[in-house]
Amino acid sequence: MDPTAQQDLRDEEVVALCQQGQSEVFEVLVRKYMEKAFRIAFDFTHDTEEAKDLSQEAFLRAFSRIKQFDGRSSFYTWFYRLVVNLCLDYTRRKGRVIWERLEKQTEGGAEPVEVADGSSLPDEEAMAGEAKRRADKTLEAMPNKQRTAFLLRNHQGLSIPDIAKVMKTTEGTVRVYLHRAVAALRQSLVEFV
Amino acid sequence: MKLPENTLPTACTDFEEDLVLHYYGDGSEAERNRVEAHLEKCAPCRAFLEDLRRLLPQMAKPNELPQSFWDNYYRETLAKLAAAEERKFRWRNLFVPMRAWMLPAFGTAAVAVLAVALVFTKGHWHFSLKQPGESIPQEILVDTNQLEFFKSMDMLEALSKLETLDGTKLETVNSRG
Chain L
417 MDPTAQQDLR DEEVVALCQQ GQSEVFEVLV RKYMEKAFRI AFDFTHDTEE
467 AKDLSQEAFL RAFSRIKQFD GRSSFYTWFY RLVVNLCLDY TRRKGRVIWE
517 RLEKQTEGGA EPVEVADGSS LPDEEAMAGE AKRRADKTLE AMPNKQRTAF
567 LLRNHQGLSI PDIAKVMKTT EGTVRVYLHR AVAALRQSLV EFV
Chain G
4 MKLPENTLPT ACTDFEEDLV LHYYGDGSEA ERNRVEAHLE KCAPCRAFLE
54 DLRRLLPQMA KPNELPQSFW DNYYRETLAK LAAAEERKFR WRNLFVPMRA
104 WMLPAFGTAA VAVLAVALVF TKGHWHFSLK QPGESIPQEI LVDTNQLEFF
154 KSMDMLEALS KLETLDGTKL ETVNSRG
């Protein structure tokens, strides 16, 4: 199939083609979701290599299980669930390591921080960096479900119904998780408010 | 690093969750109207919402990665997918050609082995009925108590024989006498 035509395909069409044996079309889904998958994994791991491995593993799993995808949810909800589950497994396995890494970052002082417009002053940059580190620490200390709900809403922009599908829970529960996470973050960033 | 102990003024308890949803643009229209009406007359809730607007977008700001990173990521992922696909096909391909010739080949080999075995053993095959470790039936096993019983029975039989012998001897003596 023509690569340009491939890019125009909807997720459901790509999945249907993969299920019929045209596995090369899966590249479209990789191209479309690689950044989002990597970002989620990075939010959980704070490590570029680990995030890369986890998100690529999610693609491999999606690829090998594509025939099991029944279309009851959208592909991206299904795929997000794979990524989130891999990330949660990772945090359960390596929770202590992540915590120690964040502690070192905090003790080691300011690290280079990316600034969107490049016009802010060094003090502001350092302040923003510190606030980000504090927020990361607070997120790490949160229960997994609260953190997952927050990351999917705040960082990934998923809707509450979609988060509920990814987390296999109710929308009401997601709202509670989200509220608790936001309240905890706001409180931890009291100095920067 | 020790976190500060001072705390922020909180929003109204009944509205805090709704304010979070309001910030993200979630919730029904009725909920949004209710929150907006409340915000007009509640300063702490307005401050709460303002804090969220200031803090949360900063947290979501991703570290910028160069295009080369994404190009490399894409290539690596496709390579991993190709390797996975190849592994799957390697297993499948291993069995596909075998199906065509495997059955007659194995059948011929089995007949040949049987024929050779018959020739060299001349048809005299000995099958051991008793397998190693095979258990002996309980009826065949004799315990020591049973042995003592049989011995005592033998002795009684011997005594009765002696008595019989003694009896015949006496009769002979009496008849002679």
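Protein sequences, first through last, are from chains L and G.
Heads up: the first sequence is residues 417 to 609, going by the numbering used here.
Heads up: the second sequence is residues 4 to 180, going by the numbering used here.
Ideal placement from N, C-alpha and C gives every residue a C-beta, glycine not left out.
Under three-state DSSP, which class holds residue i?
i: L:PHE463; result: In the sequence under discussion, the amino acid at residue 463 of chain L is Asp, which differs from the Phe named in the question. The answer is coil: DSSP assigns L:ASP463 none of H, G, I, E or B.
i: G:GLU67; result: coil
i: G:LEU22; result: helix
i: G:MET156; result: helix
i: G:PRO60; result: helix
i: L:LEU568; result: helix
i: G:CYS45; result: coil
i: L:ARG508; result: helix
i: L:VAL606; result: helix
i: L:GLY374; result: Residue 374 of chain L is absent from the model: chain L starts at 417 and stops at 609.
i: G:LEU81; result: helix
i: L:GLN438; result: coil
i: L:LYS584; result: coil
i: L:SER489; result: coil
i: L:PRO577; result: helix
i: L:ALA599; result: helix
Please list, in chain order, the chain G residues whose beta carbon lies closer than 8 Å to that of residue i.
i: L:GLU451; result: TRP73
i: L:ARG481; result: Going along chain G, no residue has its Cβ under 8 Å from L:ARG481, so there is no contact; the nearest lies around 12 Å.
Residues of chain L with CB closer than 9 Å to the CB of residue i, please, in chain order.
i: G:GLN70; result: Residues of chain L passing the Cβ test: none, with the nearest at roughly 11 Å.
List the residues of chain L that residue i touches, going by C-beta distances under 8 Å, in chain order.
i: G:LYS83; result: GLN472, PHE475, LEU476
i: G:GLU121; result: Looking at the sequence itself, residue 121 of chain G is Leu, so the reference to Glu does not match. Those within 8 Å of G:LEU121 in chain L number zero; the least Cβ separation is about 50 Å.
i: G:LEU55; result: VAL598, ARG602
Using CA atoms only, rank isn't needed, just tell me which of the options is closest to residue i.
i: L:SER471; options: L:LYS483, L:PHE458, L:LEU605, L:ILE482; result: L:PHE458
i: L:PHE460; options: L:MET583, L:LEU568, L:LEU574; result: L:LEU568
i: G:CYS48; options: G:TYR26, G:VAL122, G:ARG90; result: G:TYR26
i: G:ARG35; options: G:LYS44, G:SER71, G:LEU24; result: G:LEU24
i: L:TYR593; options: L:GLU440, L:LYS452, L:PHE608, L:ILE576; result: L:ILE576
i: L:ARG616; options: L:VAL582, L:ASP424, L:ARG509; result: A query on residue 616 of chain L cannot be resolved here, the shown segment of chain L reaching from 417 to 609 and no further.
i: G:GLN61; options: L:GLU607, L:ALA544, L:THR554; result: L:ALA544
i: G:ALA87; options: L:ALA478, L:GLU466, L:ASP505; result: L:ALA478
Could you work out which residues of chain L lie near residue i, taking near to mean beta carbons separated by less than 7 Å?
i: G:ALA46; result: The premise fails here: G:ALA46 is roughly 15 Å from chain L at the closest Cβ pair, so nothing lies under 7 Å.
i: G:ALA63; result: ASN570, HIS571
i: G:THR80; result: VAL446, MET450, GLN472, PHE475
i: G:GLU88; result: SER439
Using a C-beta to C-beta distance shorter than 9 Å, which residues of chain G count as neighbours of residue i?
i: L:ILE576; result: LEU24, TYR27, ASP29, GLY30
i: L:LYS548; result: GLN61, MET62, LYS64
Which whole-angstrom value is the C-beta distance of residue i and residue j, which I expect to be below 8 Å?
i: G:ALA63; j: L:ASN570; result: 5 Å
i: L:ASN560; j: L:THR507; result: 6 Å
i: L:ARG563; j: L:ALA597; result: 7 Å
i: G:LEU17; j: G:VAL38; result: At residue 17 of chain G the sequence reads Asp, which differs from the Leu that was named. Incorrect: roughly 10 Å between the Cβ atoms, too far for contact.
i: L:PHE475; j: L:VAL446; result: 6 Å
i: L:ALA455; j: G:PRO65; result: Per the sequence presented here, residue 455 of chain L reads as Arg, with Ala not at that position. Indeed, because the Cβ distance is near 6 Å, the residues count as touching under 8 Å.
When you measure from the CB of residue i to every non-hydrogen atom of the ligand MG, does any distance come out below 7 Å?
i: G:VAL23; result: Of the ligands one can find in the structure shown there are none, so the ligand MG has no counterpart to examine.
At 7 Å on the CB atoms, spell out the chain G contacts of residue i, in chain order.
i: L:PHE442; result: LEU84
i: L:ARG591; result: GLU20, LEU24
i: L:LYS468; result: TYR76
i: L:HIS595; result: GLU19, GLU20, VAL23
i: L:LEU605; result: LEU58
Exercise. Is the region 586-604 of chain L close to the region 471-489 of chain L, with three or more CB pairs under 8 Å?
Worked result: Segments in contact, no.
Problem set entry | Three or more C-beta pairs below 8 Å linking the region 462-469 of chain L and the region 418-434 of chain L | Because the criterion of three Cβ pairs below 8 Å is not met, the region 462-469 of chain L and the region 418-434 of chain L do not touch.
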